[in-house]
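Residue numbers (this note's numbering): 14 to 254.
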């Protein structure tokens, strides 16, 4: 779409994460806690914990803090018990939104999520109302200027399902969620450094928004992401200039 830049959106997202490092660390600690409690503290046999540790390292969390939180969750230290809850809803122009939360008080969390949707132009939906519009997958996004031919070869050999080059030159590599770690290793071995590397909920189709609608959608997303209990927000809006 005219004016739309996947790369610009990525840089905006990374900038906001840098501004809110304390909140990012809090979310990662929650993820480490739940992963270690569910699958144990050995990252070698706990894929979810490995992903959480990767996120922690990418956010520059100190190694001793990572270890402390793993030990706290998997050992004898007592801590808060978190529950994972997914909410689904609609944003501006009918854009689909998924909000993944981790909370010790579901009554508080649903009230805050519902309030954010209603106040900023969206509405909270029912379970399953929009999730079918997303695919759970591994996603890598590389900067414009990356060698497409070389990346294609390495990615497909490493287990990628698709390699997509955007209009702005950014390259997206997709794989099945269970293949994420193997593909990540293959890309790193070939000296590719993705700006984004994660297991995510990727929208199958997008809804373009520009002007005031784009601004209102971004505001809704920002408010949802700022809620203390929110871990991740996924959506299918293409937010233009």
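Cβ atoms here follow ideal geometry from the backbone N, Cα and C, with glycine treated the same way.
Of the listed residues 241, 240, 231 and 237, nearest to residue 252 (C-alpha basis): 231
Residues bridged to residue 59 (per DSSP): Beta-bridge pairing links residue 59 to no other residue.
Own chain residues within Cβ distance below 8 Å of residue 79, not counting five before or after: Listed in chain order, the non-local C-beta contacts of residue 79 below 8 Å within the same chain comprise 45, 66, 69 and 70, local neighbours out to five positions each way being set aside.
Test item: CB-CB of residue 47 and residue 95 under 8 Å: yes
Contacting residues, own chain, Cβ-Cβ under 6 Å from residue 97 (five flanking each side not counted): 115
Contacting residues, own chain, Cβ-Cβ under 6 Å from residue 242 (five flanking each side not counted): 114, 116 and 122
Counted within 10 angstroms of its Cβ, other Cβ atoms place residue 238 as buried (16 or more) or exposed: Classification for residue 238: buried.
Length of the line joining the Cα atoms of residue 220 and residue 40: 28 Å
Where the alpha helix (DSSP H) through residue 81 begins and ends: 76-87
Cα-Cα separation, residue 205 to residue 124: 43 Å
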